[in-house]
Each structure stands twice: as structure tokens, then as C-alpha cells.
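Student:
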Amino acid sequence: MSLCHRFNREAAAKSKCIYIQEYLEHHTGTSITDIRFVIHSSDQRTLNAFVAEVKRWRSFINQSVHCRDVFSTRVGNTNVKVKIDKIQDQDVDVIVNSVNSQLKLDKGSLSHTLVSVGGNSLQTECTNKYPNGLQVGQVAVTSGGNLKCKQVYHSCIGDFKNQDKSESKKSIQEMVKTCLDTAHTNNMTSIAFPCLGTRYRHYPAKLSAVAMFDSILDFTANNVSSSVSAIIIVVYGSNCEKIAKNYLPPSSWTYYSSLKSVKQWKSSKPEDGKYFKLIEIQSTDNVYQAIKSLVQDTWESGKVGHGRDAAGLGSHTTLAVKKIERLENIDLWESYGHLRSQLFHKASDIDIFDPLENLPNSKGPIKTSENIQSVLENEIYPEVNEVYLFHGTKADNFDAVMSKGLDFRMAGDKAMFGTGTYMAESSTKADQYTDPRTKRSADEKKMILARVCLGKICLLQKAMGNLKKPPCSSCQQVACEHGSGHACDSVVGDGGWIFREFIVYNQFQAYPEYVITYIRQ
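For the sequence shown, UniProt numbering gives the first residue as 1, with consecutive numbering after it.
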């Protein structure tokens, strides 16, 4: 082996081991039984690099993968499945291939494998039908050759951009949408996707999974009569077990089986007159247990009854959760998602937002974030400081909150940080606002666990009762000459008060996702 071309030794060793691993993964019936690297005896540095790399990859090269279904469910009329298997073995109408924009199928292990099984006709069709290659998001359609499919959809996505994750996510969403739309147009019934971008494009598996499921859910909701009745995500490779876990669908999915499209559903008036739905979560569900624990773990019994807003309290020491429901309000969710996307774009321009604990004079992390369990944590994006926070609401405001969201105009005249929506990191604080101070009762109460996008946080140690939007992070003034990069998205009051205050000034910056019914004990 020669390094006369000045290749990095470690990189050369790693690339060769990766190629061997991929070859063995996709050619299990190969007659090759012995592979050797020949290195000159005087080149000790190269020898050391290869010895270290072979040791590292040996466990992967020798690993046998157990093919199995990881997850399967019906979404409307479509069966969605995640499985560990070889995509070239799938017996479906369409196999999706992730390719480079030049449509060179000898580049990339997936393309190489599909050609080795399907035959050179795949490359010939690509060259003849698409001589100019592809743009990102476009699809090249070829026959399946010797594969067990009618068609292969060749499509490409851009490289992962850590500084612009929302754009990278959009790239996957558009690719999945284009493939599903093409399958629908061509009257195909089943389609198999690989895990898009998780290998050479360096996409995080979680981001890829969320993007793919978002597109699948959108497609099935808007094409209820589609010919596509089966969508398969195929996971394969040395880290398949770990990657597959990311492709379990979000716990918040509710499967829509109406014959109406989402557009028709949104424009029609519901029988009960309410444009939202509350889904009760079973007490055995992991989400239920995680939220119940969050209520208990953020409870501060030593602060019960302290402060003006806690007047009339003090006789109870804890809260007992009786029921947890999840709000489904498509208009509110879309508005929240749009605002979150704007914050992702802002973060890509000015860098990732600092978490609260990294700000000067902060008293530490948010309590809900410190105590959150993975079943909830996996659903939020720390890149935009998306967190879960509590909000106490009185019974006469409940339907309005479920329908219209958390309205900042409901803040009182004497609010410490002006006209905003006030949130809490402690269930003790939220409990103070679920009934009037002058009419405390033993009846069931409701508090909300909301998703909140804090974005760029302005930490204030003194009250500013005239605020209608967050001040500048540099001068802490609302009107100043600093650029938009200094503008904050939320306020955290972190002075010498009993509790910290969390305030947002945009109605759609918080989504009231969970309703917790409880009693005081």
C-alpha cells in the first residue's frame, strides 16, 4: 500500500474498512473469505493506523443483523412500517434510492448495492432519461431491473447543515413528499425508503426521522384515497438498532382516519362547536407517568402560601394528578410550528441561542428541563430553547385557552414584566392561578403543561411593568439602535423573587399541549 499521494493515514484506513463493511453487509453470499492489507514493513505509522482501525471496526464487520419489524401502524388507509432489513430485498412497487445530483450510481453504498442486484439497466436509464442529472428534491424514475419492485425513485438531498437545521429538515421533507406524490400519480401501492441522510450526508437520525414522519403524516392526511397503502422505512447497517429507535413515530401522533382531507376538516364546523379535541392519556402510558413525575418533581412545598398570588393557600402539601389530556388544535399547532420555524431561521443567522443557565446572573437551568424524562425531551428542540412550562388557568378561561391559545392580553395591569403570557417552571407556582385568591376550593383544578419556544432569552433582575415585547439583549431597552440580532424573544425574571418568571409576548409562542386535572392534598 502506498501513501505517495499524501492521503491522511487514519482517513485512508477508515475509508477502506468502511467500504469492506458495506460490501460484506450487501453481499452476504460472497465467495471472498480472506481480505488482507499489504503495508510496507518500514511504514510503521501506516501500519499502526490500520491496526487501530481494524480493531475498531472488527465488531461491526463480524456483526450479524437480525431482520425484523420495529414498528407498524395504520395511518388512515395507509400502513406505515419501520423495519430492520436490506432495502434491495423489499418486495414493493417502489424502492427509493438516495443519490448524488449527477446520478452516478457507482457512488454511494446504497446505489452500488441496488445496481449490483438490479443490474446496469438502472444506470443506463438514468443516463439516457436524465442526462443533466438532478436538482435537490427532484426524482428520477427508472424501472426496477432485477429488483423486486416496479420502479426505483432516485432522488438527492443536500448535505446536513448544522447551522441551518430547519433547512436540512426541509430538504428531507421535500424529498419524501416528492416520492410519495410521484407514487400516488403513478398508481403505486407500496414504497420503501432508506433512512435518508444518516450516513454520508451526516444527518442526525432523530432529525431525519422527524422530517420523514412529518411528510408521511402530511401526505396521508391530504390523500385519504391514495393508491399508496404501504410505506416502509428500512434501516440497515452497523448501527441499525440504535438508528431504528429514532424512527419510532412521535408519541404525540394521533392517527386520522376520516374520509375528509385536512383542508376540508379545518373548514367544516364540528358538531359540538369546538375547534379542538382533548385526547385522554391512559395512566399506564409513559407520557402520563412523565408528566405526573414532572408535577411532583417541580413541586416546592416550602413555598406554598408565600406571596400575594398565593393568598388563601397553605393547607396542602402536594398535588394529586387525576387525569391528563392532550390538546389537538390544528390551527394553534400550525401557528406554533410556523413561529418555531422562524426561530430556527433566526438561530441560523446569529448562532444557537444560549440556554438560561449559560446567561450571566442566571440561577441555573429551568426546573422542568432538569426533571424532564426522555419521552417528552425527545419531542422538543433545544436549539431554539423549546421547553415545557406550566401555566395555571381558571375554569372560566379554559375553553378560550383550548380554542385560541394562551392569550397574553389576559395578563393583569400590574404584571411585573408587562403584557405577556406568564409561565412557570414549578407546579407550585402554576397552582396559585387555577382559582381566585378570595375563593379557594377543594374542587378539581386544571393546569397546563405547554410547549414554549423561548428563543433568545433576556434575563432581567428588576421588574419592567411597561413591557409589550422583550427588550434588547444589549441595552435592555425596547426602542434602541441595535440590530435585529440583539432582539430577544422572551423574558425570564430572575431577581430576588419567590419564583422565577417566564414570559412570552406572542400568542403563538406557546402551545397548550397537555391539560393536567388535579386536586390539592
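The beta carbon of each residue, even a glycine, is placed where N, CA and C say it ideally should be.
As the structure is a computational prediction, the values presented were derived from the model and not from experiment.
Could you pull out every unbroken alpha helix (DSSP H) segment of at least 4 residues lying fully inside the stretch 378-459, listed in chain order?
Tutor: Counting whole runs of 4 or more residues, the stretch 378-459 contains the alpha helix (DSSP H) stretches 398-404, 427-431.
Student: If we ignore side chains and look at the alpha-carbon of each, how far apart do residue 204 and residue 355 end up?
Tutor: In a straight line, the C-alpha of residue 204 is about 21 Å away from that of residue 355.
Student: Of the residues 422, 225, 320, which one's Cα is nearest the Cα of residue 297?
Tutor: Among 422, 225, 320, the Cα nearest to that of residue 297 is on 320.
Student: What span of residues does the alpha helix (DSSP H) with residue 288 cover, start to end?
Tutor: From DSSP, the alpha helix (DSSP H) with residue 288 extends over 286-297.
Student: Where residue 173 and residue 110 are concerned, what is the direct C-alpha to C-alpha distance, given to the nearest angstrom?
Tutor: Rounded to the nearest angstrom, the two C-alpha atoms are 20 Å apart.
Student: Does the stretch 459-468 come close enough to the stretch 487-503 to have 3 or more Cβ pairs within less than 8 Å?
Tutor: Yes: the two stretches touch, three or more of their Cβ pairs being nearer than 8 Å.
Student: Suppose contacts are defined by Cβ-Cβ distances below 8 Å. Is residue 17 in contact with residue 99 by that definition?
Tutor: No, the pair does not count as a contact, with Cβ atoms beyond the cut-off.
Student: Can you tell me which of the three DSSP states residue 327 falls into?
Tutor: It is a strand residue.
Student: Would you decide whether residue 513 is buried or exposed? Buried here means 16 or more other CB atoms lie within 10 Å of its CB.
Tutor: Buried: at least 16 other Cβ atoms inside 10 Å.
Student: Have a look at the DSSP bridge pairing and note the partners of residue 493.
Tutor: Note: residue 493 sits in a beta bridge opposite 460, 501.
Student: Quick one: what's got a C-beta closer than 7 Å to residue 398's C-beta in the same chain, skipping five residues either side?
Tutor: Around residue 398: 446.
Student: If we count Cβ pairs, one from each stretch, closer than 8 Å, do we get three or more for the stretch 223-233 versus the stretch 182-200?
Tutor: Yes, the stretch 223-233 touches the stretch 182-200.
Student: Please list, in chain order, all residues of the same chain as residue 506 whose beta carbon is under 7 Å from its beta carbon, the five residues on each side excluded.
Tutor: Hits under 7 Å: 339.
Student: In whole angstroms, what separates the C-alpha of residue 82 from that of residue 48?
Tutor: Using only the alpha carbons, I get a separation of about 40 Å.
Student: By Cβ distance, which residues of its chain are closer than 6 Å to residue 68, with the 5 residues on each side in sequence left out?
Tutor: 84, listed in sequence order.
Student: Going straight from the alpha carbon of residue 378 to that of residue 197, what length do you get?
Tutor: Spanning the two alpha carbons is a distance of roughly 19 Å.
Student: From residue 206 to residue 86, what distance separates their C-alpha atoms?
Tutor: For residue 206 and residue 86, the distance between alpha carbons rounds to 21 Å.
Student: From the DSSP output, read off the bridge partner residues of residue 74.
Tutor: Answer is 79, bridged to residue 74.
Student: Checking 8 Å against the spacing of the C-beta atoms, do residue 137 and residue 171 come in under that value?
Tutor: Against a cut-off of 8 Å, the Cβ pair of residue 171 and residue 137 comes out as a contact.
Student: Where do the N-terminal and C-terminal ends of the alpha helix (DSSP H) with residue 115 fall, by residue?
Tutor: That run of the alpha helix (DSSP H) goes 109-118.
Student: In this structure, does DSSP put residue 349 in helix, strand or coil?
Tutor: Of the three classes helix, strand and coil, the one that applies to residue 349 here is helix, per DSSP.
Student: Quick check on residue 19: buried or exposed, where buried means 16 or more other Cβ atoms within 10 Å of its Cβ?
Tutor: Answer is exposed; the Cβ neighbour count stays below 16.
Student: Contact check, residue 488 vs residue 453 under 8 Å by CB: the rounded distance?
Tutor: Contact doesn't hold; Cβ gap of about 12 Å is too wide.
Student: What are the start and end residues of the alpha helix (DSSP H) that includes residue 154?
Tutor: No alpha helix (DSSP H) holds residue 154; the beta strand (DSSP E) holding it covers 151-155.
Student: Identify the continuous beta strand (DSSP E) that holds residue 233 and give its terminal residues.
Tutor: That run of the beta strand (DSSP E) goes 230-235.
Student: For residue 39, does the three-state DSSP call read helix, strand or coil?
Tutor: Looking at residue 39 - three-state DSSP - the assignment turns out to be coil, as it is neither helix nor strand.
Student: Is it right to say residue 202 is buried, meaning 16 or more other beta carbons lie within 10 angstroms of its own, or is it exposed?
Tutor: Exposed.
Student: Going straight from the alpha carbon of residue 70 to that of residue 209, what length do you get?
Tutor: Each residue's Cα considered, the two are about 14 Å apart.
Student: Would you give the residue range spanned by the alpha helix (DSSP H) that residue 369 belongs to?
Tutor: It spans 367-371 - the alpha helix (DSSP H) in which residue 369 sits, taken as one unbroken run.
Student: Going by DSSP, what residues sit across from residue 280 in a beta bridge?
Tutor: Looking at the DSSP assignment, residue 280 forms a beta bridge with 325.
Student: Nearest by alpha-carbon distance to residue 191: which of 200, 178, 199 is it?
Tutor: It is 178.
Student: Distance check for residue 53 and residue 60, CA to CA, integer angstroms please.
Tutor: Caution is warranted here: a pLDDT of 48 is assigned to residue 60, below 50, making its placement in the model unreliable, and the coordinate value is therefore given only provisionally. Each residue's alpha carbon lies about 11 Å from the other.
Student: Taking all protein chains shown into account, do 16 or more other C-beta atoms lie within 10 angstroms of the C-beta of residue 90, making it buried, or fewer, making it exposed?
Tutor: Buried, by the Cβ-count rule.
Student: What distance in whole Å lies between the Cβ atoms of residue 499 and residue 394, which are believed to be in contact at a cut-off of 8 Å?
Tutor: No, residue 394 and residue 499 are not in contact; Cβ-Cβ is about 19 Å, not under 8 Å.
Student: How would you write the range of the beta strand (DSSP E) that residue 172 sits in, first residue to last?
Tutor: Segment 165-185 is the alpha helix (DSSP H) holding residue 172; no beta strand (DSSP E) there.
Student: Can you list, in chain order, the residues of its chain whose CB lies under 7 Å from that of residue 392, leaving out five sequence neighbours each side?
Tutor: If we look at residue 392 and ignore the five residues flanking it on each side, its Cβ neighbours are 430, 431, 432, 433, 434, 447.
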